[in-house]
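In this note's numbering, the protein residues as written are 25 to 436.
Structure first, then comments.
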């Protein structure tokens, strides 16, 4: 065991003394926060809707010919300069040919009965129909007899949904707090998936690079003179595990501080609070997930003669971790759905998937418990498999990496 701790200490010191490690530790969470929250905070309502509080973006003029005589009033929220009514199709066609407008609508005389509207465009515009929402809003307004209250209700039938929690952690104050809670309930699971994915990829990548580098520069030949291959493997896994937990602990602490203080200047945290059990489950899943993928990546590094060849095969090992990233929106929208539950219980995808579910909803205790048991069993089998590859003949071999060699090594 002394050799195991010696190797672990070397790996810890080697990583913690690298400026690149600390730069990544500090700036990576900022990148994830910006990627996840920045677009949502800066984005407005993409559709046209009758919301008095939202400023109208610059839009092309909506031109139309109303042969039905239906449009007699314009909603107050729609700037009049964004509309151009023409008395006839000839007048509209003249403006179109003069390039004063790009398109115009013709509202048929029997529109109320037939619902027929024709769009005339100068050129084919597959992505053009930008003014359709505005015209639809104006027609709705006039079909409702210019009743502004009813128009607002039809345009946005849900209105400001008031969320009532059975056991709220803190009293919400008005619709703004409810909106913030809903936004955070969606964004936090997505951020959790992204964070856990990169944590596991980077931490297991440390293992791959460490083994590949020592094998490529033939340092492993010197190490095997005084170490057993399994001591080398366990030492690397232990040392890099400590570093991964330290990194994750720093990020979790920063995340909890952000959740607690961030609402003061971002106004997005609302009353959303993560329970203490979330931190416990997160650390367990990160630890087991790291051990699982570090073992697999270490085995890959032991087989590959160079780091370049190892990186070519690493995608196949990390593919199960990519699946929750692809499905993160489905997990956030339906955390107790069949897909989310299946991903959180399958060992290879459970670390990011389960943490995302725990961050967004109440999960029955048996599910994370079963997930941990399955993940622990799979991790144990992965360590045993990796130990088969950490043999002197494998570590000293320069045979090219191939699927055939991989399967032969698995069979022993």
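No residue lacks a Cβ here, since even glycine has one placed at the ideal position from N, Cα and C.
Review point. If you scan the segment 309–334 from start to end, which runs of the beta strand (DSSP E) of 3 or more residues do you find wholly inside it?
Key: none
Check your understanding: Are there 16 or more other CB atoms within 10 angstroms of the CB of residue 272, so buried, or fewer, so exposed?
Key -> In the chain shown, residue 272 corresponds to position 248, counting from 1. Buried, because 16 or more other Cβ atoms sit within 10 Å of the Cβ of residue 272.
Check your understanding: What did DSSP end up calling residue 122 once you bin it into helix, strand or coil?
Key -> As a position in the chain shown, residue 122 is number 98, starting the count at 1. Residue 122: coil per DSSP, three-state reduction.
Check your understanding: Is the segment 228–238 touching the segment 378–391, taking contact as three or more C-beta pairs under 8 Å?
Key -> no
Exercise for review: Quick one: residues in its chain with C-beta nearer than 6 Å to the C-beta of residue 259, no 5 flanking neighbours on either side, listed in chain order?
Suggested key: On the chain shown, position 235 is the one that residue 259 refers to. Same-chain partners within the cutoff: 28, 31, 32.
Check your understanding: Among 114, 408, 217, 368, which one has its Cα closest to the Cα of residue 320?
Key -> What you label residue 320 is simply residue 296 of the chain shown in a count that begins at 1. Answer by Cα proximity: 408.
**Study point:** Range of the contiguous beta strand (DSSP E) that encloses residue 372
**Key:** Numbered from 1 along the chain shown, position 348 holds the residue referred to as residue 372. No beta strand (DSSP E) contains residue 372, which DSSP labels as neither H nor E.
Practice item. Any chance you could list the alpha helix (DSSP H) runs of at least 4 consecutive residues sitting entirely within the segment 336–385, in chain order? Key: For the segment 336–385, the continuous alpha helix (DSSP H) assignments of 4+ residues that do not extend past its boundaries occur at 352–357, 362–369, 374–384, in sequence order.
Exercise for review: Using alpha carbons as the reference points, say which of 103, 119, 101 lies closest to residue 88.
Suggested key: Here residue 88 refers to the residue found at position 64 of the chain shown. Nearest of 103, 119, 101 to residue 88, Cα basis: 119.
**Study point:** residue 304 vs residue 324 beta-carbon contact at 9 Å
**Key:** Residue numbering aside, residue 304 sits at position 280 when the chain shown is read from its first letter. Residue numbering aside, residue 324 sits at position 300 when the chain shown is read from its first letter. No, these two residues do not count as a Cβ contact at 9 Å.
Review point. Any idea what DSSP makes of residue 267, helix, strand or coil?
Key: Reading the chain shown from its first residue, position 243 is the one you call residue 267. Here DSSP, grouped into helix, strand and coil, assigns residue 267 to helix.
Review point. For residue 94, does the three-state DSSP call read helix, strand or coil?
Key: Within the chain shown, residue 94 is the residue found at index 70, counting from 1. Collapsing the DSSP output to three states places residue 94 in coil.
Exercise for review: Check the C-beta distance from residue 261 over to residue 309 and give it rounded, since I have them as a contact under 8 Å.
Suggested key: Mapped onto the chain shown, residue 261 falls at position 237. Mapped onto the chain shown, residue 309 falls at position 285. Rounded, the Cβ-Cβ distance is 17 Å, inconsistent with contact.
Exercise for review: Let me know if residue 241 comes out buried or exposed under the rule of 16 or more other beta-carbons within 10 Å of its beta-carbon.
Suggested key: Translated into positions along the chain shown, residue 241 becomes position 217. It is exposed - the Cβ of residue 241 has fewer than 16 other Cβ atoms within 10 Å.
Practice item. Return the chain-ordered list of same chain residues with a C-beta closer than 6 Å to the C-beta of residue 470, the five sequence neighbours on each side being excluded. Key: Absent from the model: residue 470. The displayed extent of the chain is 25 to 436, so no value can be given.
Review point. Which residue's Cα is closest to the Cα of residue 398: 372, 411, 235, 382?
Key: On the chain shown, residue 398 is found 374 positions in, with the first residue counted as 1. Put simply, of 372, 411, 235, 382 the residue whose alpha carbon is nearest the alpha carbon of residue 398 is 372.
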